[in-house]
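Trainee: Let me give you the structure first, and then I'll get to my questions.
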C-alpha cells in the first residue's frame, strides 16, 4: 500500500522510497519552488537561496573542449543568424581535420564582389601547383615568396616539373603594371612598351640575316600610314634613320621635335 499520510516528523533519509509514494500525491506547492513555471523552463537548484527554481535554458553558450586529434569533424551552422535554431552539418560539402587544421569544402568564395581570399604559408591546388604565398582580391592575384618578396607565376608543361615562368627581379621598390594589347599581332612582330606600361605589337627594328646568321642589312618599310613622332619608342631625344625613298601618305604626319633628327639615306 502506498504511503498517503505521514504523522511522524522523525523520518530518516532512505526510509521512504519512490514506490511508497502514491501517484499525484505531492503537489508543486510542496516542493517549495521560488517562482511560477512557464513553457520551456526547467527545474534547477539555486544554491544561494537553497530552493528550487524554474529557469530558462541558457542558449548563449555551450560547453566546448579543445580538440586536435579528430581527423574528420563537421563544422556546425544554422540557417538564420539569430533566434532559436537547430544546429546542422553537411558531411559531403564541409569537413574539418582537427589534426592538420585543414578545412575542406567543395567551393570557397567571398560573400560579395571585392572580398579577399588570402593564403600565407603554402597554398596548394588540386593539380599539385604550389605557391608559397598568394592573395586574391578585386585587384587580381598577388604572388610572393612570403607576404613581402619575389615569386614567379608558372605555366605547367608535361609534368609539374616542366614549366615556363615569369618572375620579377625582387630588387625594386614601387609598382610596375604592363597592359597587354587587345589582340594578336602579325607574324614576326614583337611586344613594345610606350614607357608607361602599355604594350603593343610592332615590327622589330633589326637587320636582315645574310647567308649565315650575321646581320648585314637594315630593312624598313617604304610607306608611312600612321602619325609618328621621332623618339616615342626611344623615350628621349634621339636620332632616327630610314632607308629611302619614303612615302608619307596624305593626312599623316612625322613629327621631329627639337633635339631629334631624322635621316633618310
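Residue numbers (this note's numbering): 440 to 704.
All C-beta atoms, glycine included, are put in the ideal place defined by N, C-alpha and C.
Because the structure is a prediction, the values reported are computed rather than measured.
(1) Any idea which residues DSSP pairs residue 490 with across the strands?
(2) Looking at the structure shown, is residue 466 part of a helix, part of a strand, or coil, going by DSSP?
(3) According to DSSP, is residue 679 part of a helix, a strand, or is it coil?
(4) In three-state DSSP terms, what is residue 626?
(5) When you compare only the Cα positions, how much space is there between residue 618 and residue 640?
(6) So, for residue 495: in the same chain, excluding its five sequence neighbours on each side, which residues have a beta-carbon less than 7 Å away from its beta-carbon?
(7) Restricting to Cα atoms, I'd like to know which of 512, 675, 607 is closest to residue 540.
(8) Tell me which residues share the same chain as residue 681 and place their Cβ nearer than 8 Å to its Cβ, disregarding the 5 neighbours each side in the sequence.
(9) In whole angstroms, give me the CA-to-CA distance for residue 693 and residue 666.
(10) On a Cα-Cα basis, can you pick out the residue from 634, 527, 595 that is closest to residue 514?
(11) Need the endpoints of the beta strand (DSSP E) that residue 542 sits in, please.
(12) Assuming residue 532 contacts residue 545 (C-beta within less than 8 Å), just tell me the rounded distance between them.
(13) From this set, 661, 581, 530, 637, which residue's C-alpha is nearest residue 687's C-alpha?
(14) Which of the three DSSP states, helix, strand or coil, is assigned to residue 604?
(15) Where do the ends of the beta strand (DSSP E) carrying residue 474 lie?
(16) For the beta strand (DSSP E) that residue 592 lies in, which residues bound it at each end?
(17) If you count every other CB in all the chains shown that lies within 10 Å of the CB of residue 455, and 16 or more means buried, which is it?
(18) Counting only the same chain and skipping the five closest in sequence on each side, list residues whose C-beta sits under 6 Å from that of residue 593.
(19) What separation, rounded to the nearest whole angstrom, lies between the Cα atoms of residue 470 and residue 491?
(20) For residue 591, collect the residues of the same chain with a Cβ closer than 7 Å to its Cβ; drop the 5 residues on either side in sequence, then sort them by chain order.
(21) For residue 671, write down the residues that DSSP places opposite it in a beta bridge.
(22) What is the rounded straight-line gap between the Cα of residue 699 and the Cα of residue 634?
(23) Given this structure, state the Cα-to-Cα distance separating residue 678 from residue 657, to the nearest angstrom.
Mentor: Taking the coordinates as given:
(1) Start at 1 with the first residue of the chain shown, and residue 490 comes out as number 51. In DSSP, residue 490 forms a bridge with 485.
(2) Mapped onto the chain shown, residue 466 falls at position 27. In the structure shown, residue 466 sits in coil (DSSP, three-state: anything other than H, G, I, E or B).
(3) Counting from one through the chain shown, the residue named residue 679 turns up at place 240. Here residue 679 sits in strand by DSSP.
(4) Your numbering for residue 626 matches position 187 in the chain shown. Residue 626 falls in the coil class under three-state DSSP.
(5) In the chain shown, counting from the first residue as 1, residue 618 sits at position 179. In the chain shown, counting from the first residue as 1, residue 640 sits at position 201. Rounded to the nearest angstrom, the two C-alpha atoms are 12 Å apart.
(6) Against the chain shown, residue 495 aligns to sequence position 56. Answer for residue 495: 480, listed in chain order.
(7) Residue mapping note: residue 540 aligns to position 101 of the chain shown, counting from 1. Minimum Cα distance to residue 540 is reached at 512.
(8) As a first step, residue 681 must be located in the chain shown, where it is residue number 242. Answer for residue 681: 659, 701, 702, 703, 704, listed in chain order.
(9) Taking the first residue of the chain shown as position 1, residue 693 is located at position 254. Taking the first residue of the chain shown as position 1, residue 666 is located at position 227. Near 6 Å, if we compare the C-alpha coordinates of residue 666 and residue 693.
(10) Here residue 514 refers to the residue found at position 75 when the chain shown is read from its first residue. Cα-wise, what sits closest to residue 514 is 527.
(11) Numbered from its first residue, the chain shown carries residue 542 at position 103. Where residue 542 is concerned, the enclosing beta strand (DSSP E) stretches over 541–544.
(12) As a position in the chain shown, residue 532 is number 93, starting the count at 1. As a position in the chain shown, residue 545 is number 106, starting the count at 1. The pair is a contact, with the Cβ atoms about 5 Å apart (cut-off 8 Å).
(13) Within the chain shown, the letter at position 248 stands for residue 687. The residue with the shortest Cα to Cα distance from residue 687 is 661.
(14) Stepping through the chain shown from its first residue, residue 604 is reached at position 165. Residue 604: strand per DSSP, three-state reduction.
(15) The residue you call residue 474 lines up with position 35 of the chain shown. First-last for residue 474: undefined, no H or E at that position.
(16) Stepping through the chain shown from its first residue, residue 592 is reached at position 153. First-last of the beta strand (DSSP E) with residue 592: 591–595.
(17) The residue given as residue 455 occupies position 16 in the chain shown. Residue 455 comes out exposed.
(18) Counting from one through the chain shown, the residue named residue 593 turns up at place 154. Counting only Cβ-Cβ distances below 6 Å, and skipping sequence neighbours, we find 602, 604.
(19) Numbered from 1 along the chain shown, position 31 holds the residue referred to as residue 470. Numbered from 1 along the chain shown, position 52 holds the residue referred to as residue 491. Using only the alpha carbons, I get a separation of about 8 Å.
(20) The count along the chain shown starts at 1 and reaches residue 591 at position 152. Same-chain partners within the cutoff: 604, 605, 606.
(21) Taking the first residue of the chain shown as position 1, residue 671 is located at position 232. BP columns for residue 671 are empty, so no partner.
(22) Numbered from 1 along the chain shown, position 260 holds the residue referred to as residue 699. Numbered from 1 along the chain shown, position 195 holds the residue referred to as residue 634. The alpha-carbon atoms of residue 699 and residue 634 are separated by roughly 18 Å.
(23) Translated into the one-based positions of the chain shown, residue 678 becomes position 239. Translated into the one-based positions of the chain shown, residue 657 becomes position 218. Cα to Cα, the separation comes out at about 15 Å.
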